[in-house]
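In UniProt numbering, the protein residues as written are 1 to 664. Beta carbons: idealized from backbone N, C-alpha and C, even for Gly. Since the structure comes first, as structure tokens, the remarks are kept for the end.
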Amino acid sequence: MTREKSQSIASQKLQQKVKGPVAQELKEMVPNRKSHQREPRSKDAASNSPVQASVQSIITQIQNGKPNVSGSKETPEDLSFVMSSIFPKETGSVDTSNLKMKPLDYERPDVPRLSFGLERVLFNPGVYHLRDPRSRVYNFDPYLGAIMPVSEFDFDALKAYITSSKDETLAGIARAEKKKYIGSSSSMTSVLSHFHYLLSNWRGVDTRMMSQNFPDHMRSFTRLLRSPAAMFLRYQNGSYAIDADKEFDSANILMNLGKSMEKLLTLPKEDFERYRRTHENKISAEEEQAIPEAYHYSTMGDFLMRSQLDAYDPRLPGTGMFDLKTRAVVSIRMDARNFEHGLGYEIRHVQGGYESYEREYYDMIRAAFLKYSLQVRIGRMDGIFVAFHNIERIFGFQYVSLPEMDQALHGQTDTSLGDAEFRLSIGLWNKILDKVTAKFPKRSIRLHFETRDAQTPFMYIFAEPVTNDEIEYIQTKNQAEIDAYQRRILNLEPKDGNDDLDETPASPEKPAANSQPTAEQNAQPDAQAAYDSSAPPDESFLAELEAEEADLFKGKEIMAMTLVVKNLVNGSPVDRPMVFRADDKWTVEYELSELQGKQVSRLYNACQTRREKALSGRGEDEADAASNVYIRRLRDLAMKGRAYRAKQDDFDSKHGTVVLDEDV
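This is the structure in structure tokens:
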């Protein structure tokens, strides 16, 4: 059978599965293979409904065999199922004029200021070196140059992070403000990222600020950032708390350093030293607990949002608040679990492919700016203060304002576009959660969100009711592994000679009742390939797989939906807004459709598999780190960096050091 005939039969079968108006649209769009001619549809008709564009995208992919070239692209087979399985459908629109963020005026304690004179960084664009590489003069206290090892910092003295579902103050404010959904900036950003992909039609990042000779030119977000987002919607006394899904969480040293370095950047040297385990006047847990946390609270629609405030300077625009970010160098980030191999890597240059601030900035654009900018917006902050380090030492600092991040993400420094997209994202998310909670009222729910790449991008939403026991099992399934890792890096017990980070962690002995098995348990390697491959499917294998998955999800309540949007700016349809200003009106027409059929469980499991695959990687954007040429190159540079640092330290021991603020 010829490929053309096979594609024609596939199109005919697809049309036979779809009934009603959508079937008529399909009929109109499928070309007549005999004549290769058809009447062109008017521009207005073609753009009349987002679903028409989606159907056209499906037919195009099925007939042209469009390859699945990235993990974010959807296969023609899944697209055809989606279109043949849409039943209840909700249509509507949201626009920026009806969505406003309302700050709540609640009493809060003073927010910390930067220490060591670091406030100079806030008002100087670009990188501020800890030590000028040419003159060797320290711009700040050399104490910042040597980071306190995590094994010496007393993390037990720090307050535990309070999730949205355990925050009684947040719940009380929700009752007072009559808000249905409550969340923190950290629990909301992963889902909001997928609304950015959808509303911007996978807008590429803007890297025009990079130097001409910078070797990397990728404009996509990292694999990790594009992976499906999962969350729990925990029902509590009339409201739903948003908690991040921690099923695939793992420990790494950067989790610890972020906490200790935040203290370093906001405390005087003497106060920070009190967190050292061996300090004679070590801070107690009671003293730490007495230090109040500061938050911003805001509402939009049915949402109440909480943002922890890291630092403040009254001279900054707006509220004067900003976030603190500690950014490890590329050799650490790409294999954080085995960070020892990346120790020694130095930042020695402003520009260049390696050992440069330019490399770190480029990686932040692709891997972190989207999350950072969303956190800044939720917290009504001005920007982020970044400290670049290699775990052992700090190299420099940079303040990145929200307009600067927006330039990289949205292609403009005017924050109107990013602000509008944020409000529309909250509005659409509100619609989705309303639909889910209407179907499963007064129940806790696990949700997955994933924007898939197609000619017209769309979002998958999967919702599954869960019990508190199931949530607890999922959230703590890796806790033993995390605790063991923490004990090792903090030297809380003697090292076991067989301790090897490359070993596969043991699984829990048995899952809780009705808990969701991991994708590793569900699928063999061949099955995983089927989820993410452009090769023609093995029909018999897929049939067996679907039967297995039907048994796996038997008895489970799963709600599956797709979200398709159409952007209109000042009444005109656009792929994505460009050069957007505050007086422009952005309207989003949407179709939220529920999927039904036996393949829903397969789509859900495939989504979970993609998430596990992305989150089980060692680094930010690389797979198979041990055999990766890029990783080996970074490890080689780390070795050379250690030799370079030894020479620099030897020079300092002989000639001494000079600090800018000291008398000469």
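Asked                                                                                                              : Found
Selected residue, minimal CA-CA separation from Asp-575, among Asn-478, Asp-141, Val-588, Glu-107                  : Val-588
Spatial neighbours of Ala-174 in its chain, beta-carbon cut-off 7 Å, leaving aside the 5 residues before and after : Ile-182, Ser-239, Leu-304
Whole-angstrom distance between Gly-396 and Tyr-128, CA atom to CA atom                                            : 6 Å
Per-residue DSSP class, three states only, for Tyr-590                                                             : strand
Asp-469: first and last residue of the uninterrupted alpha helix (DSSP H) it sits in                               : 468 to 476
Glu-286 to Arg-274 span [Cα, whole Å]                                                                              : 13 Å
Outcome for Pro-103 when other beta-carbon atoms lying within 10 angstroms are tallied against a minimum of 16     : exposed
Opposing strand residues paired with Val-564 [DSSP bridges]                                                        : Glu-591
C-alpha distance - Lys-442 paired with Thr-467, whole-angstrom precision                                           : 11 Å
Given 8 Å, three or more beta-carbon pairs between the region 195 to 207 and the region 418 to 434                 : yes
Minimum C-alpha distance to Leu-118 - residue among Glu-392, Leu-265, Gln-308                                      : Leu-265
Residues near Gly-427 in its chain [Cβ-Cβ closer than 7 Å; skip 5 each side]                                       : Val-94, Leu-99, Gly-301
Whole-angstrom distance between Val-579 and Lys-585, CA atom to CA atom                                            : 12 Å
Cβ pair Gly-353, Pro-215 closer than 8 Å                                                                           : yes
At least three beta-carbon pairs within less than 8 Å, the region 432 to 452 to the region 462 to 479              : yes
Endpoints, the beta strand (DSSP E) within which Leu-233 is located                                                : 229 to 236
Expected contact under 8 Å - CB spacing of Asp-141 and Phe-116 to nearest Å                                        : 5 Å
Assigned secondary structure, Ala-527 (DSSP; H/G/I helix, E/B strand, else coil)                                   : Note that Ala-527 scores a pLDDT of 32, beneath 50, so its modelled location is shaky; the value from the coordinates is reported in the next line. Looking at Ala-527 - three-state DSSP - the assignment turns out to be helix.
Sequence-distant residues of the same chain with beta carbon closer than 7 Å to Asp-496, five excluded per side    : Any reading at Asp-496 must be qualified, since the residue scores a pLDDT of 42, below 50, and its modelled position is unreliable; no value is offered.
Ile-291 burial status per 10 Å Cβ neighbour count (16 or more: buried)                                             : exposed
Exposure label - Gly-571; buried when at least 16 CB within 10 Å                                                   : exposed
Endpoints, beta strand (DSSP E) assigned at Lys-259                                                                : Looking at the DSSP string, Lys-259 is not in any beta strand (DSSP E); the run it does join, the alpha helix (DSSP H), is 253 to 266.
Nearest residue (CA-CA) to Ser-416, options Val-121, Glu-74, Pro-112, Pro-577                                      : Pro-577
Neighbour flag for Phe-153 against chain B, beta carbons, 8 Å                                                      : Reference to chain B is not applicable here, since this structure consists of a single protein chain.
Cutoff 6 Å; reference Ala-241; Cβ partners in own chain excluding five residues on either side                     : Ser-164, Ser-165, Ile-182, Arg-234
Residue burial classification, Ala-367 (beta-carbon count within 10 angstroms, cutoff 16)                          : buried
Proximity below 8 Å, CB of Ile-482 to CB of Ala-251                                                                : yes
Straight-line Cα distance separating Ser-331 from residue 691                                                      : Residue 691 cannot be examined here, being either before or after the span of the chain that is shown, 1 to 664.
Collapsed DSSP secondary structure at Pro-76 in the structure displayed                                            : helix
Helix, strand or coil at Gln-479 according to DSSP, with G and I counted as helix                                  : helix
Inter-residue Cα distance where the pair is Asp-313 and Gly-320                                                    : 5 Å
Where the beta strand (DSSP E) containing His-448 begins and where it ends                                         : 445 to 452
Environment of Pro-465 [buried if 16+ CB atoms lie within 10 Å]                                                    : buried
Contact check, Ala-336 vs Gln-236, beta carbons under 8 Å                                                          : no
Reference Glu-612, options Pro-228, Lys-73, Leu-192, closest by Cα                                                 : Pro-228
Residue closest to Thr-222, alpha-carbon to alpha-carbon, out of Glu-557, Ser-72, Arg-632, Ser-356                 : Ser-72
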